[in-house]
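Asker:
Protein chains: 2
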Amino acid sequence: MSRGTVSRFLNGGHYVSPAARRSVESAIRKTGYVVNRHARSLSTGRSDSVAFLLTEPQEKFFEDPNFNILLRGCTEHLARHDIPLLLMLAASDDDRRRLTRYITTGHVDGVLLVSSHSGDPVAAELRDAGIPLVACGKPMGLGTTVSYVAADDREGARDMVRHLLGTGRRRIGMITGPLDLPGGTDRLAGYREVLAEAGVPHAPELVAEGDYTRSGGERAARRLLECAPDMEAVFVASDLMAQGVVNALQQSGRSVPDDIAVGGFDDSPAATSVSPALTTVRQPFDRISAEMVRMLLAQIAGEDTAGVILPTELVVRDSA
Amino acid sequence: MSRGTVSRFLNGGHYVSPAARRSVESAIRKTGYVVNRHARSLSTGRSDSVAFLLTEPQEKFFEDPNFNILLRGCTEHLARHDIPLLLMLAASDDDRRRLTRYITTGHVDGVLLVSSHSGDPVAAELRDAGIPLVACGKPMGLGTTVSYVAADDREGARDMVRHLLGTGRRRIGMITGPLDLPGGTDRLAGYREVLAEAGVPHAPELVAEGDYTRSGGERAARRLLECAPDMEAVFVASDLMAQGVVNALQQSGRSVPDDIAVGGFDDSPAATSVSPALTTVRQPFDRISAEMVRMLLAQIAGEDTAGVILPTELVVRDSA
DNA sequence: CTGAAAGCGCTTACAG
DNA sequence: CTGAAAGCGCTTACAG
């Protein structure tokens, strides 16, 4: 039997007679044959695997439940296509270089890129190398040359601030995400717009930049409390930070929501593990990961993809 | 210039004249040449990458700081050899199959295996496929056919229980790890031995099995409190669980360590983020990851390696 | 130090 | 439906 026939059997079994198929099957069973992926990849040009690349310090990856959820979603959606997901953490510049080299060198058919800060060269490097690429969140400063899927950060923020205004509060503070991340700037923009529309005067002392960590939220809350002790509500750009905020407020003797209402963002597991449970803006994580995978596979298949923005949803619980 | 010369240049530059080297360098720069790894791997039989394979539900990976630390250590030690680490999470059986196939198929030169429960087929599968393999913790039921590196769980447990006895307490409980994990059984064995040696009668109502999660620790502590309300101290097989235990004890109105002393295990970040700070048994994580990497590279180079057991150290803080 | 050549193990038109 | 053959892009003895 020729190696051609075996190969055809391995790749879907088209143009293989039942008899041939049977004898290949039994031979494979008998010898424990397993294809050599390198050889296959060399000849097909594909590797049949995909990377989930995170360019964040490792702590953040472990601390923030958003990554967990996103990772699980991507894994599951890829599993339906029987494609393994390789998780790569680029914590240092050195790691980044090593991993980009690894990726651009054909080891992977495409990459799901998570959390790319403006100034982070990874997205541009991969794009320039022609690697199929989908970012989670619009990569800043790259125009529309990189496909992405994101939640509608601006609109979500607007919903939350409108809700806060609706409870009668005017002195509404905000703790933003890192401002070199799209979720950082867009949520802030939404907050500002709604307040302006409602005729609430701009108050810079009510805004503090956070870093999407619990302890960062705590610190920012204390800063706000100092500069604006009369704050009535605060919109926090992530649930994890909001956990820290609730903590800091309670320690300062304020009750949530009676003294100060707190609104979060994400609707991650963090939202319901605080007391009071957080009123927050749900990111459609499952749709996000599904879209990311769909778009990446489309790119790998040679199609063009663009950016997609998915709607968020206000979830009202007890904190505001 | 022949491709042979270029290849020699790429692989260390031996037997390449300075003139040839220069012209290769400039050609590479000009064309943006990058080697095709598949072709290289096909001919060398190596892939120059290594997997960190975790067979645990994804939550545990994210919740337990031990994994974080171990992962970081392995990444760093491999970085010194310029070898990328691919993280693979096998949460479901389906994932496991997909990833084992991926691995045994030559995509990776070796694997660092974390947390293999007895009954988990992964270690045996990889071993049978002849993949270089180092486990973290002795894989149960596999005899000595798989190399591993572990902390001295038994001796560490002995130290802790001796310390607890030394503070004058006799009614000492234990919350174990999962008993299908070596750390689970060995720490329990150390606990039992020391109590027996001290003439303390065996009291089954003082032992509860935990699962290395915070909430599991909480549950186990409540169970113990019910069955043995006169407990004076408890040795908890992980710091993360101990966090939950301290919580449960305090909620029940007990003070730690005055009413009940608590000893942990790991000396992970969890140990110092509780109040009171945990007296615990330090696992030498950095040495563990260094050894794992060293042994894996040795195996890849064709050497044989065995099991190594590293000493622990008692760290006395406030909880006991 | 250098080049020509074989070989790594697959896939895929191409004839038949 | 099947086999013979070319080709994927490297590495590595082997002569020179």
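Protein chains in written order, with my numbering: chain A, 1 to 320; chain B, 321 to 640. Where a beta carbon is used, it is the ideal one built from N, C-alpha and C, also for glycine.
(1) At a Cβ cut of 7 angstroms, what residues of the stretch 98 to 116 of chain A count as close to chain B, listed as they run along the chain?
(2) Is the number of C-beta pairs between the stretch 101 to 121 of chain A and the stretch 138 to 148 of chain A that are closer than 8 angstroms three or more?
(3) Out of B:M612, B:N388, B:S639, B:V481, which has the shortest C-alpha to C-alpha gap to I629 of chain B?
(4) List the residues of chain A that H397 of chain B touches, going by C-beta distances under 9 angstroms, in chain order.
(5) Just the C-alpha distance for I348 of chain B and T425 of chain B, rounded to the nearest angstrom, thanks.
(6) So which residues of chain A does S361 of chain B contact, with C-beta pairs closer than 8 angstroms?
(7) By the three-class DSSP mapping on this structure, what secondary structure does E376 of chain B have?
(8) Give me the chain B residues within the contact set of R214 of chain A, using Cβ-Cβ distance strictly less than 7 angstroms, ordered along the chain.
(9) For V35 of chain A, go through chain B and note every residue whose CB falls closer than 7 angstroms to its CB, in chain order.
(10) Should R490 of chain B be flagged as near chain A, meaning a C-beta pair shorter than 8 angstroms?
(11) Are at least three pairs of beta-carbons, each pair with one atom in the stretch 340 to 360 of chain B and one in the stretch 379 to 390 of chain B, less than 8 angstroms apart?
(12) Please list, in chain order, the chain A residues whose beta carbon lies closer than 7 angstroms to that of S369 of chain B.
(13) Strictly by DSSP, which residues pair up with C456 of chain B?
(14) Taking only beta-carbon atoms, is F382 of chain B less than 8 angstroms away from chain A?
(15) Could you tell me which whole beta strand (DSSP E) segments of length 3 or greater appear in the stretch 207 to 252 of chain A?
(16) Report the neighbours of Q283 of chain A on chain B: residues whose CB is nearer than 7 angstroms to its CB, in chain order.
(17) Along the alpha helix (DSSP H) that carries M295 of chain A, what are the first and last residues, could you check?
(18) In the DSSP assignment, find the beta strand (DSSP E) that holds L407 of chain B and state where it starts and stops.
(19) Mind the definition here: the stretch 222 to 242 of chain A touches the stretch 201 to 208 of chain A only if three or more C-beta pairs lie below 8 angstroms; say whether that holds.
(20) Going by DSSP, what residue range makes up the beta strand (DSSP E) through V281 of chain A?
(21) Tell me, please, whether the CB atom of D267 of chain A is closer than 8 angstroms to any CB atom in chain B?
(22) Below 8 angstroms on C-beta distance, what does P441 of chain B contact in chain A?
(23) What is the DSSP secondary structure of I131 of chain A, reduced to helix, strand or coil?
(24) With DSSP collapsed to three states, give me the class of E313 of chain A.
(25) If I measure Cβ to Cβ from A151 of chain A and keep anything under 6 angstroms in the same chain, skipping five residues before and after, which residues do I get?
(26) Is the shortest distance between the beta-carbon of N567 of chain B and the beta-carbons of chain A less than 8 angstroms?
(27) For a test of the three-state rule: what should DSSP assign to M160 of chain A, helix, strand or coil?
(28) Quick check on N66 of chain A: buried or exposed, where buried means 16 or more other Cβ atoms within 10 Å of its Cβ?
(29) Of all the options B:V566, B:G503, B:V428, which has the alpha carbon lying nearest to the alpha carbon of L373 of chain B?
(30) Is there a Cβ of chain A sitting closer than 8 angstroms to that of L409 of chain B, yes or no?
(31) Given that P84 of chain A touches chain B, what residues does it touch there, using C-beta distances under 7 angstroms?
(32) Is N68 of chain A close to chain B? Criterion is C-beta to C-beta, closer than 8 angstroms.
(33) Is A371 of chain B helix, strand or coil by DSSP?
(34) What separation, rounded to the nearest whole angstrom, lies between the Cα atoms of I175 of chain A and L314 of chain A?
(35) Give me the Cβ distance between S147 of chain A and G307 of chain A, rounded to the nearest whole Å; I'm assuming they're in contact under 8 angstroms.
(36) Where does the unbroken beta strand (DSSP E) through V262 of chain A begin, and where does it stop?
Answerer: Well, looking at it:
(1) Among the residues of the stretch 98 to 116 of chain A, those with a Cβ less than 7 angstroms away from any Cβ of chain B are R98, L99, Y102, T104, T105, G106, H107, in the order of the chain.
(2) Short answer: they touch.
(3) The shortest Cα separation from I629 of chain B among B:M612, B:N388, B:S639, B:V481 belongs to B:M612.
(4) The contacting residues do not exist; H397 of chain B stays about 13 angstroms from chain A at best.
(5) The alpha-carbon atoms of I348 of chain B and T425 of chain B are separated by roughly 31 angstroms.
(6) Near S361 of chain B (Cβ distances below 8 angstroms), the residues of chain A are H38.
(7) It is coil, neither helix nor strand.
(8) The contacting residues do not exist; R214 of chain A stays about 11 angstroms from chain B at best.
(9) The contacting residues are T425.
(10) False, the Cβ-Cβ gap to chain A never drops below 8 angstroms.
(11) By the Cβ rule, the stretch 340 to 360 of chain B does not count as touching the stretch 379 to 390 of chain B, because fewer than three pairs are nearer than 8 angstroms.
(12) Those within 7 angstroms of S369 of chain B in chain A are Y102.
(13) Answer is B:V434, B:V469, bridged to C456 of chain B.
(14) For F382 of chain B, the closest Cβ of chain A is nearer than 8 angstroms.
(15) Counting only runs of 3 or more residues that sit fully inside the stretch 207 to 252 of chain A, the beta strand (DSSP E) segments are 207 to 209, 233 to 236, in chain order.
(16) Identification of chain B residues near Q283 of chain A by a Cβ-Cβ cut-off of 7 angstroms yields none; the smallest Cβ-Cβ distance measures about 18 angstroms.
(17) Taken as a continuous stretch (DSSP letters only), the alpha helix (DSSP H) holding M295 of chain A covers 285 to 300.
(18) Segment 405 to 409, the beta strand (DSSP E) holding L407 of chain B.
(19) Contact annotation: the stretch 222 to 242 of chain A touches the stretch 201 to 208 of chain A, with at least three C-beta pairs closer than 8 angstroms.
(20) Per DSSP, V281 of chain A is one residue of the beta strand (DSSP E) stretching across 280 to 282.
(21) Under the 8 angstroms criterion on CB atoms, D267 of chain A is classed as non-interfacial with respect to chain B.
(22) Contact annotation for P441 of chain B against chain A: no contact, minimum CB-CB distance about 16 angstroms [criterion: below 8 angstroms].
(23) DSSP places I131 of chain A in coil when its eight states are reduced to three.
(24) If DSSP states are grouped into helix, strand and coil, E313 of chain A belongs with the strands.
(25) Apart from sequence neighbours up to five positions away, the residues of its chain that approach A151 of chain A with a beta-carbon distance below 6 angstroms are Q283, L310, T312, ordered along the chain.
(26) Closer than 8 angstroms to the CB of N567 of chain B there is not a single CB belonging to chain A.
(27) Assigned with DSSP and collapsed to three states, M160 of chain A falls in helix.
(28) Burial call: buried.
(29) With respect to the C-alpha of L373 of chain B, the residue from B:V566, B:G503, B:V428 having the closest C-alpha is B:V428.
(30) At least one C-beta of chain A is nearer than 8 angstroms to the C-beta of L409 of chain B.
(31) Those within 7 angstroms of P84 of chain A in chain B are R418, L419, Y422.
(32) Against chain B, the CB of N68 of chain A has a partner CB under 8 angstroms away; the residue lies at that interface.
(33) Judged by DSSP in its simplified three-state form, A371 of chain B adopts strand.
(34) Their Cα atoms are separated by approximately 18 angstroms.
(35) Going by Cβ atoms, the distance from S147 of chain A to G307 of chain A rounds to 6 angstroms, so yes, they are a contact pair.
(36) Going by DSSP, V262 of chain A is part of the beta strand (DSSP E) stretching over 261 to 263.
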